[in-house]
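Report on the following structure.
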Amino acid sequence: MRDELQLNIEPMDAKHDEFLVLLKEIKASSDSEFLALFESMIEHTKEHFSFEEEIMDTHNFYDKKEHFDEHENLLNEMQYFYEKAKKMKMFGRSYINDYAYEKFKRHVTNIDSQLAMFIKQNEIKL
Ligand SMILES: [Fe+2]
Ligand SMILES: [Fe+2]
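Numbering of the sequence shown is given in the working numbering, commencing with residue -19 and proceeding in unit increments.
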């Protein structure tokens, strides 16, 4: 699964790998574990996004507005489904099973990839 999402920026790839591991765990979780794992996925995503945002701020990334907005949208959506899942697990399950990976993949390949290229071109050491 990693190959198609690999950006060859180690700290970014590490965060992405951790996310995929968490996602796999949630998919396989029982109903009693589901919400706690969903919550840890949100926490992990906050850290992951802040990590990238700090790089963009520090190095004045040219497209930071778009990237920050995308992060906000993704996080809001995750939180929305988490809140829904508290009342009805089915909503959370369908987000996790049918959408979460595609959304994540789209972000990494379309948006994070531009940041990765910027990091490489400017020889930024992380
Ligand atoms: Fe990322
Ligand atoms: Fe990102």
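All C-beta atoms in this analysis are idealised placements derived from N, C-alpha and C, irrespective of residue type, glycine included.
Cβ-based neighbour list, ILE22, same chain, cut-off 8 angstroms, excluding 5 preceding and 5 following: LEU55, MET58, GLN59 and TYR62
The alpha helix (DSSP H) with LYS44 in it runs from where to where? 44 to 67
Verify the contact flag: ASP135, CB atom, against every heavy atom of ligand 1, threshold strictly below 6 angstroms. This structure does not reach residue 135, given that the chain is present from -19 up to 106, and the question cannot be answered.
Whole-angstrom Cβ separation of LEU(-13) and ALA80, contact assumed at under 8 angstroms? Not confirmed; about 19 angstroms, so no contact.
Suppose you measure from the CA of ASN102 to the CA of GLN94; what does that come to, to the nearest Å? 12 angstroms
The stretch -12 to -4 contacting the stretch 40 to 49, beta-carbon criterion three pairs below 8 angstroms: no
Hey, could you find the ends of the alpha helix (DSSP H) PHE98 is sitting in? 93 to 101
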